[in-house]
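Peer 1: Each step along the sequence shown adds one to the number in my numbering, with nothing skipped, and position 104 is 939. First the structure, which I've put down as structure tokens, then a few questions once you've had a look.
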Amino acid sequence: MLQLERGEKVTVLRTDSFHILLDKADGLMATLVACDLPEPFIAGVSPSARGDRPVAPTMSSDTSFLCIPGDLGPTVSPAGPSAEGCLRVVTPDLRPAIADLFLLSACNADGRPDYSYDASPPVIHQENDAAVVEIVSASSIWQRKKYFLRCTSDRIEYYYLVQGSGHVDDCEFFQGFVGRAPVVGPDRPWIEAGYEGGLHGRVRSKARFPGFFNPEPNGLRKQHFSPTESSTIGVRSDKSYCRGNWFFTPAPFCYAVQTRAGKWLAIGLMARPGENGFTEYEFNGGNGFGLSLRYEGKLCVDRAWESPHVVLFRADDEYSAIGRYCDHLREAGYVFAGGKPAYDWWREPIFCGWGEQVYLSYAEGSVRNAQSYATQDDYERFVARLEHIGLTPGTVVVDDKWQKDYGEPLPDLEKWPDLAGFIARQRAAGRRVLLWLKAWDPEGVPPEECLVDRYGSAVGVDPASAGYEKRLRRCIRTLVGEFGADGFKIDFTASMPLARMRADAPGLWGVELLRRLLWIIYDEAKQTKPDALIIAHTANPYFADVVDMLRLNDVAILSADDRYAESMIHRQKVARAASPAWLIDTDNWPSPTLASWLEYIRLQPELGVPSLYYVTHIDESGEEIAETHAREIAQLWADYRSKVRSGSDGAVVVEGAD
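Below, the structure is given as structure tokens:
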């Protein structure tokens, strides 16, 4: 239901979920309210905090906020002239406001901040099932800017268009710079909303919510934040942020805001395919809040550019907010939504040798690192130990570092004199073999195929380089076609270089560059062997068509006796929301104790494909894995296999032929 009612002073737009009031006099303000608020308020008048006199929405040409007047609760400013400058977002089941949103967002470019000024009154028109509010402003670095609020019955989208040319550094939402100093005072919402002072100050939105949720895992296992804190979702690992955030690179680009009534509001990012050239989607908290995308000067605007859209809609909890956002991406055609075959062997329990490699490096107490134990002799012993204790994984992952060079992944013949023979013997025993790959590392790759620093030194491979693509495809084709590898486990995707230079002409960056890297591996592997399995920890729906199995990634250990199962449940929920069709590699390294390891081993069949990293000892504690533990795991795997074959896990499996 969409209705537009034009009164003498106020225009009211009604949808199933929201009402927006636009003051026809001043223009820069509008009122976003919920559809179940009292009718007198919806009509544009509500009881004043100072008495029974009705008060119309107040607006001011000095500001660029939308505002709800009236006394809606203790967190809401009084109605009248002092309420200028706010867009107050509320939901149908929540009377108090959620946030006051600043609309003249900045699009900073070429190292310069974007100041907005001389904003026009809003214009509202209808497009099919949506009503669109438009505001135009001048800019200090763009020829013109136009802002849009697109409102349907169940959601609101916000975005803007810039005209001109430049290299975008940051695309901001709900925060920016004003081109002239506003009138400030104790009753002015500029201060409440985060005005930072000065003649030309930054303005930020006002958070009226108690907290927000970030789905991206981090080293502190902290997912819920105060609005005074900052948080990030991206393709890199920032080691200073919550002890690192490399576990999902990236998670879905969606925050969930908690309302005071216990409900949630999703704040997700809608970027068209091919236009995800940013590295981070940030929630900037503090005195006020805003959102930003980091393009790092790699986005070149020529004549005009439309920003990605920020979409807002309601949800019952934080995980349903993420799920609904991902569903919306699929429905809009922004991410892959089709079906893919899931071959029967992909669901078999996995053994990865990395935990044993680390244990051996600890146990021997030598200068040898864990990578030095990635040898054919070591893996022959690992497999023999599995057979001795009665464990029968369907997949063996040969981990870091079987290859001579990371950037050109071909076997180190001193470590692996007969990789093809090892793989053939595993196939004869009913096991498949995946090879571990390290993303971005330039080892063995010439600088002209790499991202380089200002001195011309290689800091990471460049998937946009035609030369490197040819090199990587040749390696993948050789490993799958000649050596018989059944797929790849791709790691270190968070190690995307910080360099702002490349040997060739400017090209892909951010999320798009990582997707390009994965697509090269995926495409070449599938051409060579259609049932090749590609595993990565990119728990974002934009990667659903270039990754077959989502890895939950390493455990973030907080203490020596840490119980980490709950944090892995969180990751599984996010992964499942990102793509219901994904298979999930549950991982389990590192485990601090035998008890915590067993607790998670017992949980794995409920989350996805069981994954085993140890066959002799727990590396962190040195505790031995006894045959009684192996028998329990064997029974867990047997029950899991029975459930998968019967289809009782709810999964659809396409049987694959050799």
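Note that beta-carbon positions come from the ideal geometry of N, C-alpha and C, so glycine has one too. If you're wondering where the values come from, they're calculated on a predicted model, not measured in any experiment.
Could you work out which residue in Ile1185, Cys1310 and Lys1098 is closest to Val1233 when comparing CA atoms only?
Peer 2: Ile1185
Peer 1: Nearest CA to the CA of Ile1068: which residue from Lys1133, Thr1328 and Cys1089?
Peer 2: Of the listed residues, the one whose Cα sits closest to Ile1068 is Cys1089.
Peer 1: Measuring alpha carbon to alpha carbon, tell me which of Leu938, Ile1356 and Ala1156 ends up nearest Leu1368.
Peer 2: When each option's Cα is compared against that of Leu1368, the closest is Ile1356.
Peer 1: Among Tyr1169, Arg1437 and Ser1040, whose alpha-carbon lies nearest the alpha-carbon of Phe1378?
Peer 2: Tyr1169
Peer 1: Quick check: Leu1471 and Asp1420, are their CB atoms within less than 9 angstroms of each other?
Peer 2: no
Peer 1: Check whether the Cβ atoms of Ala1156 and Phe1327 lie closer than 9 angstroms to each other.
Peer 2: no
Peer 1: Taking the straight line between their C-alpha atoms, what separation do you get for Glu1153 and His1059?
Peer 2: 10 angstroms
Peer 1: Answer with buried or exposed for Lys1041, where buried requires no fewer than 16 other C-beta atoms within 10 angstroms of its C-beta.
Peer 2: Looking at its Cβ environment, which holds 16 or more other Cβ atoms inside 10 Å, Lys1041 is buried.
Peer 1: Whole angstroms is fine: what's the gap from Thr1210's alpha carbon to Gly1302's?
Peer 2: 30 angstroms
Peer 1: Measure how close the beta-carbons of Glu1401 and Thr1428 come, nearest whole angstrom, since I'm counting them as under 8 angstroms.
Peer 2: Between Thr1428 and Glu1401 the Cβ distance is about 16 angstroms, and since that is not below 8 angstroms, they are no contact.
Peer 1: Using the C-alpha atoms, what's the distance from Trp1432 back to Val1413?
Peer 2: Going by the sequence as given, residue 1413 is Ala instead of Val. Answer to the nearest angstrom: the Cα atoms are 26 angstroms apart.
Peer 1: Taking the runs of the alpha helix (DSSP H) that are 4 residues or longer, which of them lie wholly in the stretch 1046 to 1116?
Peer 2: none
Peer 1: Tell me whether Phe1257 sits in a helix, a strand or coil according to DSSP, three-state version.
Peer 2: Here Phe1257 carries a helix assignment [DSSP, helix/strand/coil].
Peer 1: Tell me, to the nearest whole angstrom, how far the beta carbon of Ile1468 is from that of Leu1226; I am working on the premise that it is less than 8 angstroms.
Peer 2: With a beta-carbon spacing of about 6 angstroms, Ile1468 and Leu1226 fall inside the 8 angstroms limit used to define contacts.
Peer 1: For Leu996, which of Thr987, Pro1176 and Ser951 has the nearest alpha-carbon?
Peer 2: Residue Ser951 is the option with its Cα nearest to Leu996.
Peer 1: So, is Val1409 buried or exposed, given that buried needs 16 or more other C-beta atoms within 10 angstroms?
Peer 2: Counting the other Cβ atoms within 10 Å of the Cβ of Val1409 gives 16 or more, which makes it buried.
Peer 1: Quick check on the DSSP output: the alpha helix (DSSP H) that includes Val1450 runs from which residue to which?
Peer 2: Premise fails: Val1450 is in no alpha helix (DSSP H) and is neither H nor E.
Peer 1: By a C-beta neighbour count over all protein chains shown, 10 Å radius and 16 as the cutoff for buried, is Val1280 buried or exposed?
Peer 2: buried
Peer 1: Note down the Cα distance separating Gly1295 from Ile1325, rounded to an integer number of angstroms.
Peer 2: Their Cα atoms are separated by approximately 15 angstroms.
Peer 1: Quick check on DSSP: helix, strand or coil for Val1019?
Peer 2: For Val1019, the pLDDT reaches just 42, beneath the cut-off of 50, and the residue's location in the model is therefore unreliable, leaving the point undetermined.
Peer 1: Between which two residues does the beta strand (DSSP E) containing Val1145 stretch?
Peer 2: His1144 to Ala1150
Peer 1: Cβ atoms of Ser1072 and Thr1084: under 9 angstroms apart, would you say?
Peer 2: yes
Peer 1: Output the distance between the C-alpha atoms of Phe1124 and Ser940, rounded to the nearest integer angstrom.
Peer 2: 12 angstroms
Peer 1: Could you pull the start and end residues of the alpha helix (DSSP H) that Asp1247 belongs to?
Peer 2: Taken as a continuous stretch (DSSP letters only), Asp1247 belongs to no alpha helix (DSSP H), as it is neither H nor E.
Peer 1: Are at least three pairs of beta-carbons, each pair with one atom in the stretch 1130 to 1137 and one in the stretch 1074 to 1084, less than 8 angstroms apart?
Peer 2: Contact between the stretch 1130 to 1137 and the stretch 1074 to 1084 is absent: fewer than three C-beta pairs spanning the two stretches fall below 8 angstroms.
Peer 1: Give a single yes or no on whether Pro1440 has its beta carbon closer than 8 angstroms to a heavy atom of the ligand HEM.
Peer 2: Absent from the structure shown: the ligand HEM. Ligands present: none.
Peer 1: What number of angstroms, rounded off, separates the C-alpha of Gly1132 from the C-alpha of Arg947?
Peer 2: 11 angstroms
Peer 1: Just list the beta strand (DSSP E) runs in the stretch 1377 to 1459, keeping only unbroken ones of 3 residues or longer that don't cross its boundaries, in chain order.
Peer 2: 1384 to 1386 and 1418 to 1420
Peer 1: Who are the near neighbours of Leu1195 in its chain, counting only those whose CB is closer than 6 angstroms to its CB and skipping five residues on each side?
Peer 2: Contacts found: Tyr1208.
Peer 1: Are the Cβ atoms of Arg1037 and Asn1053 separated by less than 9 angstroms?
Peer 2: no
Peer 1: For the stretch 1138 to 1151 and the stretch 981 to 994, state whether three or more C-beta atom pairs, one from each stretch, are separated by less than 8 angstroms.
Peer 2: yes
Peer 1: What does the alpha-carbon distance come out to for the pair Arg1351 and Lys1273?
Peer 2: Spanning the two alpha carbons is a distance of roughly 15 angstroms.
Peer 1: If you count every other CB in all the chains shown that lies within 10 Å of the CB of Leu936, and 16 or more means buried, which is it?
Peer 2: In this structure Leu936 is buried. Its beta-carbon is surrounded by 16 or more other beta-carbon atoms within 10 angstroms.
Peer 1: Is there contact between the stretch 1360 to 1375 and the stretch 1304 to 1323, where contact requires at least three CB pairs shorter than 8 angstroms?
Peer 2: yes
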